[in-house]
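These notes concern the structure reproduced below.
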Amino acid sequence: MRASRSLVVIGNGMVGHRFLELLVERGVHWDWEITTFCEEPRVAYDRVNLSGFFSGKTAEDLSLVKTGYYAQHGITVHIGDKASAIDRTAKTVTSAQGRSLRYDALVLATGSYPFVPPIAGNDSRGCFVYRTIDDLEAMRAWAGRCTSGAVIGGGLLGLEAGNAIKQMGLKTHVVEFAPRLMGVQVDEGGGAILRRKIEALGVSVHTGKSTSAVVAHPPEDGEAKGRVHKLTFADKSELAVDMVVFSAGIRPRDELGKQAGLTMGERGGITVDDHCRTSDPDIYAIGEVALHRGRIYGLVAPGYHMAAVAVDAISGSGATTFTGFDMSTKLKLLGVEVGSFGDAHGSTPGCHSVGFADSRSEVYKKLVLSADRTRLIGGVLVGDTASYGTLHQLMLNGVAMPPTPEDLILPARDGAKPAGMGPEHLPDAATICSCHNVSKGAICAAIGEGKLSEVGQIKSCTKAGTGCGSCVTLLKDILRHELKQAGVEVKNHVCEHFAHSRQELFHLVRVHGIRTFADLLARHGSGLGCEICKPAVGSILAACWNDHVLDKAHAPLQDTNDRFLANLQRDGTYSVVPRVPGGEITPDRLLTIGRVAKKWNLYTKITGGQRIDLFGAKLEELPPIWSELIAAGFESGHAYGKALRTVKSCVGSTWCRYGVQDSVQLAIDIENRYKGLRSPHKLKSAVSGCARECAEAQGKDFGIIATEKGWNLYVCGNGGMKPQHAQLLASDLGTRELVALIDRFLMFYVRTADRLERTATWFNKLEGGMAYLKHVLIDDSLGIAGELESDMQRIVDAY
């Protein structure tokens, strides 16, 4: 039977679609005849992850609407048609294609549009905005004739747009009027770190710049006439670019509200009450078009909450209200993690700030505390946002701070979690997922009632973690805690096809002499395997037997990068990385790299690991590129593999007046010895020729520092997103003793670590820490030292 009431939704973006989803989830959609207008040529898609379009995702990948979803639930969608007028007296909506629909209830989810500054030349050929898939397709088509591009605007969306330009292979500039990037979210200290990290990626940052004009090529330039040529600034400086993307903020798409005579904000936006109702009781506005208590919310989470409130109001319950929303954010821009929550700038009277900055690892963290230092009221995280979820919840729920709040942001010591940081300290009412308004209590109830044991199951059951994704880390912590409290063994199975951990699979392979994935699956697994277990087993087989990884039985187990001996990049091309042991290279080999790079037009970069990377190779170019490099004596540097990457070196006693040992030769020997080892995760090493530590050995998985008497061996360091100093395992070793101890250490790690677990994480989980490791590797308490050495020698000999 056809519903008697008509509901029209104008706008089919993320918020408009979420409104329709909630109608369906609550079972009230059959009470209405529902129609939605979708102005774009495709239904709702994920704008939050729009930059994924330039790393290979298609419009279908980004779509939020499963095929047939609307038809299945009786919802009519008019794709490519725009609502053009509202007649409130007749209660009708007219569209650009001539449709006229009556409504009993009308929802405006028209969102916003990018603001283009009123500067001269802003309509030149090569000027774009960054908003829709159509915008991105136009940018990509134009980029083929460009070498450089600039984004005007250094906020959140501006850096996303900068990422898009960079992924297209263009020289990238970000121009910001304010003195720092992301001025709304981060403070001066965080902005400085953010800028350095982004500039280190090859993006030029121009802050404090007022753009006065976009200058196009003049008529005498022929075919280039009218195309973007350069930017000019108020300080009379210029910047030559071929493309300009405006990302200077958003404005609400409120023209329908104005046309219909709804109450509007002085600076735009359709005014709504706490039930998202406009000045017309039959019309609602949600998302970026809605002005609530003088504020427009430009994030997806508040838009989703507005959608839920509007569904309640329209269905008659009115149970929920919109009274404002926390605008805290966690995101990854140009590969840089940024988090901002609460009073990030410390503007609350009497508040206190504690901070931590590490210029080496480029990490910045600041907490803003209440006047009595008992409550967290805000914070900024740049470079490492792992603790964002917990800190955000501590703030939202007013959880009492530990006596030393700074412990919440200082690097963990011995793997210990700071006091007060566990999920058990959060109340059940704490909202873990802001996008879908899911509380900790609801998550815990789902885990208990549904006997859930995986984060994916929590996502399916509660929708938590399926929005922006910033709460997933906290979901994992809650799951582990709940299972532990229930006395349930937390399984560490590799995947659904093997009811074993990686360590258990390693022992099964070794003890039973299993040499193929098919044999292991038949004897100890089920199904056909997947993209998780195949590479893991491939690594285990290589670590045990070191057969050629591209043999017929092993080739299907390798990751794409391992098969092609190259690293897939964001733009779909590959980087080629020849191994250069110890950073020592002959002039002839340097010339070879230069010739190869020039022949295939590859971008070259000297890396922090003392190698030369060549970027931009197409898949079909890889065989001839490698042919030339191999002919010159190069081999793959495994820059893509879960294997030894580099052994960095200073110049040591050969050249340096402070060097006490030959660090270069040892680095070469070490790299050549372990270059065939496959491991649970990547390995990095370094050798410093004296205590001045120019090779930064104490930030590596295993690092070596020369002494007057020999070598000191440090292990389990990490210079990545979660920096951790390596710890001293043994001092003043002779070269033979050193190599034997490294053999033991690496093979013990390979045998016992979990899949994709770096040595630092593995070490932090070892009961007994360094004392235990010394007991096993030096004192041979388990009686396996000789076995570990012989296992490693077999790998070396089989390479």
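For the sequence shown, this note's numbering assigns the number 8 to the initial residue and increments by one for each residue that follows.
Each residue gets a CB set at the ideal place from its N, CA and C atoms; glycine is no exception.
One alpha carbon belongs to residue 16, the other to residue 110, and they sit about 10 Å apart. The straight-line gap separating the alpha-carbon atoms of residue 554 and residue 804 is approximately 11 Å.
Here the stretch 267 to 278 does not lie against the stretch 244 to 257, with fewer than 3 beta-carbon pairs under 8 Å apart. Residue environment: residue 354 is assigned as exposed (fewer than 16 neighbouring CB atoms within 10 Å of its CB, all protein chains considered). Under the criterion of beta carbons closer than 8 Å, residue 462 and residue 486 qualify as touching, at roughly 6 Å. C-alpha of residue 192 to C-alpha of residue 664: approximately 47 Å in a straight line. Assignment of residue 563 by DSSP, reduced to helix, strand and coil, places it in the helix class.
DSSP places residue 719 in the uninterrupted beta strand (DSSP E) bounded by 717 to 722. In the three-state reduction of the DSSP assignment, residue 684 falls in the coil class, being assigned neither a helical nor a strand state.
With respect to the 8 Å criterion, residue 27 and residue 292 are not classified as neighbours on the basis of their beta carbons. Residue 558 and residue 552 have their C-alpha atoms spaced approximately 13 Å apart.
The distance from the Cβ of residue 472 to that of residue 465 is about 7 Å, consistent with a contact at the 8 Å cut-off. The C-alpha of residue 58 is placed about 6 Å away from the C-alpha of residue 171. Per DSSP, residue 507 lies in no alpha helix (DSSP H) segment and is marked neither H nor E.
Between the stretch 222 to 236 and the stretch 194 to 212 there are fewer than three C-beta pairs closer than 8 Å, too few to call the two in contact. Given a length threshold of 4 residues, each whole run of the alpha helix (DSSP H) inside the stretch 511 to 561 is given here in chain order: 524 to 531, 540 to 551.
DSSP places residue 752 in the helix class (H, G or I) of the three-state scheme.
Scanning the stretch 395 to 464 for uninterrupted alpha helix (DSSP H) segments of 4 residues or longer gives 395 to 403, 447 to 457, listed from N- to C-terminal end.
Assignment of residue 186 by DSSP, reduced to helix, strand and coil, places it in the coil class. Counting C-beta pairs closer than 8 Å gives fewer than three between the stretch 233 to 249 and the stretch 97 to 104, which falls short of the contact rule.
Secondary structure within the stretch 612 to 647: the beta strand (DSSP E) runs of 3 or more consecutive residues, fully enclosed, are 619 to 624 (chain order). Across the set 668, 96, 541, the C-alpha of 96 shows the shortest separation from the C-alpha of residue 290. Scanning 653, 795, 45 for the CA closest to the CA of residue 589 turns up 653.
Membership of residue 26 in the alpha helix (DSSP H) is indicated by the continuous run 21 to 32.
Closest in alpha carbon position to residue 178, among 201, 208, 134, 668, is 208. Sixteen is the threshold: since fewer than 16 other Cβ atoms of the shown chains lie within 10 Å of the Cβ of residue 326, the residue is exposed. Contact between residue 542 and residue 566 is confirmed by a C-beta separation of about 5 Å, below the 8 Å threshold.
Cβ contact annotation for residue 623 (same chain, cutoff 6 Å, sequence separation greater than five): 580, 609, 610, in chain order. Exposed is the label assigned to residue 228, since fewer than 16 other Cβ atoms lie within 10 Å of its Cβ.
For the alpha helix (DSSP H) assignment, the uninterrupted runs of no fewer than 4 residues enclosed by the stretch 120 to 183 are, from N- to C-terminal side, 140 to 150, 163 to 174. Per the DSSP secondary-structure output, residue 344 pairs in a beta bridge with 339.
Rounded to whole angstroms, the separation of the alpha carbons of residue 696 and residue 66 is 53 Å. DSSP places residue 782 within a helical segment (H, G or I) once states are collapsed to three. If you compare the alpha carbons of 546, 440, 51, 582 with that of residue 754, the shortest gap goes to 546.
Exclusion of the five residues before and after residue 160 leaves 254, 255 as the residues of its chain whose Cβ lies within less than 6 Å of its Cβ. One thing to note: residue 283 has its Cβ within 8 Å of the Cβ of residue 316.
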